[in-house]
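First up is the structure itself, then whatever we jot down about it.
Numbering (the numbering used here), first residue to last: 2 to 907.
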């Protein structure tokens, strides 16, 4: 049974009716504005209006052709790098190597195409919310009309189970309750009547309106069509979605910027080397070209785009295991940069199950423990468990004036019927009152709830004889009472108690009873003579895990803001319980409406709770936060959330109770609708970004060391220490093994203790640039050092190059163990142990290098020579030296705080 709680109706606006919105007009004034009567339109008039207003439908958004989406996957600077590397391999006469690189390019494109293959379908999802048929009055008769043919001025008839086919100004309503969760986010259906409301009333307060796409829960109504197609509320939201431009994610911006900068460096370097070799060192142009190509092959990180894609895909898999489904790959990393999470309240921060939290009767008051519909919990007073005996009459009234049903299914408790009815059955069960007691006092007659009188009454026959039990809005129930169980009724005292519960964010119901004087119920019996039993306060309690998640967000420097369609007192009370702020500042949608975009920026920064918000308000709030460079994640489940979800850097839709429109507008879907899952996903996002940076930190020094060695050898007129084909071998064998395993690295211990990185922070921070330069120089020193060792041992150029290639690979292995931990020391048991992936990759590289060095076929292909055990020991010492130097450098930077400053993490 639906019962209205103690929420005052907005005052009626008395301004000029000609400019008032539909909900501020009387039904008669609305009909007069549209030039129709209660009998509806004639067929001829409806046809004329259909031509004038257009069909009651939403425009179809053209999808990008598949071939265009596939080609877009190649529009990336690092992909151009790979193609350049393939061209270099072809110039060097190695078509197989070129084929391998091109295969990487194709694999990268296919992964991106598949991950983002679903074209934006938010508008299509919204279109599906419009019912296919409706019952309307045409020519004074009931007729089934195609919803597309409804026009302003049509009179539509609604019954329980119908989908509202257009925006309606209600003309008649009987026991009408509409589920408007897709527009307001409220879990409790809205009571409807025909009385006009204030012009400034939020959507959730427009009790005289029915909106397209919402669902009639109970009752019947007759409504005047006042908005169709794009002019309906759902059409306005559709238009907002179409106007939101999808921005490039921070990761793609960084990769593109990094790629452009790296391209410039590589091209300038290669051209400079060619000119120097040809004109200064007098190399022939072909030989100079080969040297410059060798440099380009050394510099270009061929496997980086593929490894980044794989890193993101691994993040997607990890998040899926934690109930977060990623629809677009780059969103994985964007989560890691999130500075503000704008969250819906109902079902995300709360359990979306009403419960009685407080009972007040003349005999005393009780706090009630528990969560949801599980009939488990104690009755407390001053923190001590007490008997609920003094509340039994109120609990009995709530249990009997109730047509809900409590049931257990698959180990969980559910309610069939209204959530507040379920909460009353649950609290009665906590006091030991169950179905058996309901059966002992059957209901003989009932007066259903109606918004006009705001109460529900039942006539029961039980041990005390026939009794009338009443529940409803406490003010309405108080007006029926002459006394309470403690004596004469003190209305002012009870009003203070009602206000106290309402100010705590609770929905309040009042209860009363009296003996029956008749065998049936009539409204004349409901005037006076009742005994007031007390009041009950209802809440949708916070999720326990959400409280912990909010605390974790605050420690990680992530702000959490609640944006809800619920009432401001309820929202602020939940925010306080969750610990979102010590004294949460709340702003209503009406207040947002009065602010300019510039003023809203400061207000959005300070505000913790936004209540009674519309789709436009949510969109403006997200944009205001983004205007200061914040990376914003936004959660939502309704059609009203879709524009803001699309605008946010990461839109997060609810998988259980969310609409398809919200899911299609989002980058991530939560399969458990749990805020704690968002925080877990942020942790995974930070880990993904860490791992991408580890891949870059590990990859570039290899390329840099090779390039430095080539340039120094050229300047000093020494033989190039490695051939171009050997450089290509190093890059391919390491990228496919060691570079890849960094994508599987677990989170570092402090990942959620750092502040969010600035959205403007580059992939290559000052510290990483310093590290690339340092390690590149160490690698170059190692290459020339081992070459000098080989020359001293009497090796020819081929033998020296074999030593150099093996030294580079071994230095990379040792450096990998250092770079696995960028923010803590690596010299510890877990650091040396490595993950199974790391150990397997090292084993593969070792075997590959043994084949490279000793297998006759490989010796012929790469011009290598066998090495001795002593040579191997010297090579191992080079690798160990790199590890020790890098670890000492890391410790100095960590202990002095220099790393934090250079990482933009201050």
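Idealized CB from N, CA, C, for every residue including glycine.
Within 10 angstroms of its Cβ, does residue i collect 16 or more other Cβ (buried), or is it exposed?
i	result
residue 497	exposed
residue 718	exposed
residue 789	exposed
residue 286	exposed
residue 500	exposed
residue 885	exposed
residue 867	exposed
residue 19	Unreliable positioning characterises residue 19 in this predicted model, as indicated by a pLDDT of 49, which lies under 50. A coordinate reading is not provided.
residue 780	buried
residue 320	buried
residue 69	exposed
residue 528	exposed
residue 266	exposed
Which residue's Cα is closest to the Cα of residue i: the options?
i	options	result
residue 87	75, 73 and 103	103
residue 703	774, 846 and 39	774
residue 372	742, 381 and 358	358
residue 395	670, 429, 769 and 450	429
residue 423	376, 468, 171 and 536	376
residue 742	540, 841, 815 and 698	841
residue 652	739, 658 and 637	637
residue 479	850, 456, 573 and 786	456
residue 493	509, 487 and 476	476
residue 153	698, 225 and 341	225
Can you look up residue i in the DSSP assignment and give me helix, strand or coil?
i	result
residue 120	The predicted position of residue 120 is uncertain, since its pLDDT is 32 and thus under 50; no value can be drawn from it.
residue 562	strand
residue 340	coil
residue 719	coil
residue 500	helix
residue 127	Unreliable positioning characterises residue 127 in this predicted model, as indicated by a pLDDT of 43, which lies under 50. The coordinate reading is nonetheless provided below. The answer is helix: DSSP assigns residue 127 an H, G or I state.
residue 588	strand
residue 24	helix
residue 669	strand
residue 794	coil
residue 285	coil
residue 657	coil
residue 355	coil
residue 514	strand
residue 686	helix
residue 528	coil
With a CB to CB cut of under 8 Å and the five nearest residues on each side skipped, what residues in its chain are close to residue i?
i	result
residue 586	607, 608, 609 and 610
residue 763	255, 258 and 259
Roughly how many angstroms separate the alpha carbons of residue i and residue j, rounded to a whole number?
i	j	result
residue 881	residue 812	7 Å
residue 917	residue 571	As shown, the chain starts at 2 and ends at 907. That puts residue 917 outside it, with no answer to give.
residue 908	residue 240	Nothing can be reported for residue 908, as the shown portion of the chain is limited to 2 through 907.
residue 792	residue 801	7 Å
residue 387	residue 318	49 Å
residue 895	residue 754	15 Å
residue 272	residue 808	28 Å
residue 833	residue 827	7 Å
residue 890	residue 776	11 Å
residue 560	residue 343	8 Å
residue 722	residue 797	11 Å
residue 550	residue 38	56 Å
residue 630	residue 75	28 Å
residue 893	residue 771	14 Å
residue 887	residue 817	11 Å
residue 399	residue 649	43 Å
residue 157	residue 148	10 Å
residue 568	residue 405	25 Å
residue 514	residue 481	10 Å
Kindly list the residues whose CB is nearer than 7 Å to the CB of residue i, restricted to its own chain and excluding five residues on each side of it in sequence; keep chain order.
i	result
residue 1	For the chain, the structure presents residues 2 to 907; residue 1 sits outside this window and is missing.
residue 639	182, 183, 184, 186, 660 and 663
residue 547	350, 579, 676 and 677
residue 502	359, 509, 536 and 538
Might you give, ordered along the chain, the residues of its own chain that have their beta carbon closer than 6 Å to the beta carbon of residue i, omitting 5 neighbours on each side?
i	result
residue 687	337 and 752
residue 118	The predicted model places residue 118 with a pLDDT of 41, which falls under 50 and marks its position as unreliable; any figure quoted below should be read in that light. So no residue of the chain qualifies.
residue 228	168
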